[in-house]
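These protein sequence lines map, in sequence, to chains A and B.
Counting from 6, one number per residue, gives the positions in the first sequence under my numbering.
Counting from 520, one number per residue, gives the positions in the second sequence under my numbering.
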Amino acid sequence: MRELITVENLSFSYPDGQQALIDVNLGIYEGDSVAVVGPNGAGKSTLILHFNGILRSNGHVKLMGRPVDDDNLKWVRNSVGLVFQNPDDQLFSPTVFDDVAFGPMNMGYSRFEVEQAVKRALGLVGMSGFEKRSPHHLSVGEKRRVAMATVLSMAPEVLVIDEPTSNLDPRGKRDLVDVLKGLSITKILISHDLEMVRELCPRMVIIDRGRIVADGNTNNILTDKKLLITHGLATE
Amino acid sequence: MKHSFLDQYSDHNSLVHRFDPRSKLLATLAFIATLVVIPTGSWPAYGMYFIIIVTLILLSRVPLLYILRHSLVIIPFVVLVAVFIPFFKEGEVAFSFNVWGWYFSVTHDGLELLWSILAKSWLSILGLVLLTSTTNFASLLLGLERLRMPRVMIMLLSFMYRYIFLITDEAMRMKQARDSRGYRRGWLRQMSTVGNMIGTLFVRSYERGERIYAAMVSRGFDGHSRTLNSLQFGRTDILFITGMILLLGIINLFTLFF
Numbered sequence: 006m007r008e009l010i011t012v013e014n015l016s017f018s019y020p021d022g023q024q025a026l027i028d029v030n031l032g033i034y035e036g037d038s039v040a041v042v043g044p045n046g047a048g049k050s051t052l053i054l055h056f057n058g059i060l061r062s063n064g065h066v067k068l069m070g071r072p073v074d075d076d077n078l079k080w081v082r083n084s085v086g087l088v089f090q091n092p093d094d095q096l097f098s099p100t101v102f103d104d105v106a107f108g109p110m111n112m113g114y115s116r117f118e119v120e121q122a123v124k125r126a127l128g129l130v131g132m133s134g135f136e137k138r139s140p141h142h143l144s145v146g147e148k149r150r151v152a153m154a155t156v157l158s159m160a161p162e163v164l165v166i167d168e169p170t171s172n173l174d175p176r177g178k179r180d181l182v183d184v185l186k187g188l189s190i191t192k193i194l195i196s197h198d199l200e201m202v203r204e205l206c207p208r209m210v211i212i213d214r215g216r217i218v219a220d221g222n223t224n225n226i227l228t229d230k231k232l233l234i235t236h237g238l239a240t241e
Numbered sequence: 520m521k522h523s524f525l526d527q528y529s530d531h532n533s534l535v536h537r538f539d540p541r542s543k544l545l546a547t548l549a550f551i552a553t554l555v556v557i558p559t560g561s562w563p564a565y566g567m568y569f570i571i572i573v574t575l576i577l578l579s580r581v582p583l584l585y586i587l588r589h590s591l592v593i594i595p596f597v598v599l600v601a602v603f604i605p606f607f608k609e610g611e612v613a614f615s616f617n618v619w620g621w622y623f624s625v626t627h628d629g630l631e632l633l634w635s636i637l638a639k640s641w642l643s644i645l646g647l648v649l650l651t652s653t654t655n656f657a658s659l660l661l662g663l664e665r666l667r668m669p670r671v672m673i674m675l676l677s678f679m680y681r682y683i684f685l686i687t688d689e690a691m692r693m694k695q696a697r698d699s700r701g702y703r704r705g706w707l708r709q710m711s712t713v714g715n716m717i718g719t720l721f722v723r724s725y726e727r728g729e730r731i732y733a734a735m736v737s738r739g740f741d742g743h744s745r746t747l748n749s750l751q752f753g754r755t756d757i758l759f760i761t762g763m764i765l766l767l768g769i770i771n772l773f774t775l776f777f
């Protein structure tokens, strides 16, 4: 299997001195569906911001063998689709169509290609027919799915989603899990929702205080009660 | 929380709704500009303008009462600005009164000016309410863009439209949280609490701005914004806009020279 994202000895600290990542090593392979799990403030979001070059640490992160740097940022961002946690930050256009078309238009697609990409992406998340709606009149679940479409319309190699099921009611969550299940793309999910992780991701990575403390088969990790308790993911 | 739409009724379908946003923008602009230059007290002309706007409202099938209610919003502001005019305008005194030894007199000319200002601003706002109730905000922005309004202004307006309700929601939640913690009224205390809330709101909006920017950059935003042109300036638009301008021109010429 082809290695898509390679993280080698990545350390990162924020300008205020807070050490967010310490010597992280991780490989994401084509077709993977990986869950990145960890307590609040463990460094999960910091890690995914490195995947598409919003945060950069010279050469420690590689995409398909090429280091992520200033020269290939455009290619990196077209290949790694990041869906942010709050859909109200992700959806900033007056209509759903404009938002889903934003990425493809920045990629320089023609009018016809943009329309095709939008149609396809909305179809993938089950939101066809919502093109003319305004994002602020959608429900949270609908916003989440449109937010995913805004990234899928760019046809990325990897889809990275931050907390896809937070704030969702059980039905909204069910719908979202079904949509995610139907996507054949390589996925990285950040979540606390171990139930969803078990259903969607065969592989699981635990991050705590900036370090990767477990990486392996989801079922094995989830049965290790002691590990989960140590890292704040389960209670006794 | 639910908010009313800024552009309620704009998704309906009628002749006026189908006009290109550009022709509606231009027609509204022409309507207001020609109205402003008409001399004060030309009541027949105001009547004509009223007939034009009512005809358009009826054609648009937007409920008259809705437009009326929304148009009245502007009146207090106009009154606040214009109410002193009758006292200062010179001319024949209509009536005067005495308050604790101070003499106030109101002139006929001043009153006429006041009524004219009220009529003009009300007619203008009728035109604007009709514009926003027959054009949804997105196509209004697209129209402005095609009319060469600077990109920065368009993006500013579009972000405002997208986020104003979110910020209002945030403010309302903060108010609820404040009230549920036994907030006591008192002028001074209230001032400092409101100050803190505004500060918090500003910081949150600023941070939200950073997150939105990250989301835009993630999708290949490089400072240039691109849109798909999908407006149709048709024959009805040309008819509408030339008709409007001719009509308004004729009314203005008549009031100026006869």
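Ideal Cβ placement from N, Cα and C applies to all residues, glycine included.
Since this is a predicted model, take the numbers as computed values, not measurements.
(request) Thinking residue 119 (chain A) and residue 110 (chain A) are a contact (beta carbons under 8 Å), I'd like their distance in whole angstroms, please. (result) 6 Å
(request) Assuming residue 576 (chain B) and residue 583 (chain B) form a contact by the criterion Cβ under 8 Å, report the distance between their Cβ atoms to the nearest whole angstrom. (result) Contact between residue 576 (chain B) and residue 583 (chain B) is confirmed by a C-beta separation of about 6 Å, below the 8 Å threshold.
(request) Only counting runs of 3 or more residues, tell me where the beta strand (DSSP E) segments fall wholly within the region 524-548 of chain B, in order along the chain. (result) none
(request) Buried or exposed for residue 679 (chain B), please, with buried defined as at least 16 other CB atoms from any protein chain shown within 10 angstroms of its CB. (result) exposed
(request) Give a yes or no on whether the C-beta atoms belonging to residue 66 (chain A) and residue 12 (chain A) are separated by under 8 Å. (result) yes
(message) By DSSP's criteria, residue 15 (chain A) is part of a beta bridge. Which residues make up the other side?
(response) A:29
(message) Residues of the region 533-554 of chain B in Cβ contact with chain A at a cutoff of 8 Å, in chain order, please.
(response) Result list empty, no residue passes.
(request) Using a threshold of 8 Å, state whether the C-beta atoms of residue 242 (chain A) and residue 105 (chain A) are closer than that. (result) For chain A, the structure presents residues 6 to 241; residue 242 (chain A) sits outside this window and is missing.
(request) Could you tell me whether the region 155-175 of chain A touches the region 86-94 of chain A, using the rule of 3 or more Cβ pairs below 8 Å? (result) yes
(message) Would residue 764 (chain B) pass as an interface residue toward chain A - the criterion being a Cβ-Cβ separation below 8 Å?
(response) no
(message) For residue 54 (chain A), count the other beta carbons within 10 Å of its own beta carbon; 16 or more makes it buried, fewer makes it exposed. Which is it?
(response) A residue is called buried when at least 16 other Cβ atoms come within 10 angstroms of its Cβ; residue 54 (chain A) meets this threshold and is buried.
(message) Would residue 121 (chain A) pass as an interface residue toward chain B - the criterion being a Cβ-Cβ separation below 8 Å?
(response) no
(request) Given a cut-off of 8 Å, decide if residue 47 (chain A) and residue 167 (chain A) are closer than it, judged by their beta-carbon atoms. (result) no
(request) Give me the Cα-Cα distance between residue 607 (chain B) and residue 98 (chain A), rounded to the nearest whole angstrom. (result) 49 Å
(message) Are the CB atoms of residue 626 (chain B) and residue 612 (chain B) within a distance shorter than 8 Å?
(response) Using a Cβ distance threshold of 8 Å, residue 612 (chain B) and residue 626 (chain B) count as a contacting pair.
(request) Give a yes or no on whether 8 Å exceeds the smallest Cβ distance from residue 680 (chain B) to chain C. (result) Looking at the structure shown, chain C is missing, and the protein chains on hand are A and B.
(message) Tell me which residue opens and which closes the alpha helix (DSSP H) that residue 666 (chain B) is part of.
(response) Run containing residue 666 (chain B): none; DSSP gives neither H nor E here.
(message) Just to make sure I have the definition right: I need the residues of chain A whose C-beta is within less than 9 Å of the C-beta of residue 742 (chain B). Which are they?
(response) What residue 742 (chain B) touches in chain A: nothing, since even the nearest Cβ is about 10 Å away.
(message) For residue 697 (chain B) and residue 117 (chain A), I'd like the C-alpha separation in whole angstroms.
(response) 51 Å
(message) Let's test the definition: count the other Cβ atoms within 10 Å of the Cβ of residue 209 (chain A) and tell me whether it reaches 16, buried, or not, exposed.
(response) Classification of residue 209 (chain A): buried, given that the 10 Å Cβ count is 16 or more.
(request) Could you tell me which chain B residues have their CB closer than 7 Å to the CB of residue 69 (chain A), listed as they occur along the chain? (result) Correct list: empty, because the minimum Cβ distance to chain B is about 18 Å.
(request) Go to residue 183 (chain A), then tell me how far its alpha helix (DSSP H) extends in each direction, as first and last residue. (result) 175-187
(message) Between residue 529 (chain B) and chain A, is any beta-carbon pair separated by less than 8 Å?
(response) no
(request) Check whether the Cβ atoms of residue 39 (chain A) and residue 52 (chain A) lie closer than 8 Å to each other. (result) no
(request) Under 8 Å by Cβ, that's how I've got residue 86 (chain A) and residue 73 (chain A) pegged, so tell me the actual separation to the nearest angstrom. (result) Wrong, their Cβ atoms sit about 15 Å apart, outside the cutoff.
(request) Could you round the C-beta distance between residue 146 (chain A) and residue 183 (chain A) to whole angstroms and report it? I think they count as a contact, below 8 Å. (result) About 11 Å separates the two Cβ atoms, so there is no contact after all.
(request) Could I get the ranges of all uninterrupted beta strand (DSSP E) runs contained in the region 81-138 of chain A, with 3 residues as the minimum, in chain order? (result) 85-88
(message) Among B:695, B:646, B:669 and B:685, whose alpha-carbon lies nearest the alpha-carbon of residue 591 (chain B)?
(response) B:646
(message) Tell me the residue span of the beta strand (DSSP E) that contains residue 617 (chain B).
(response) 612-618
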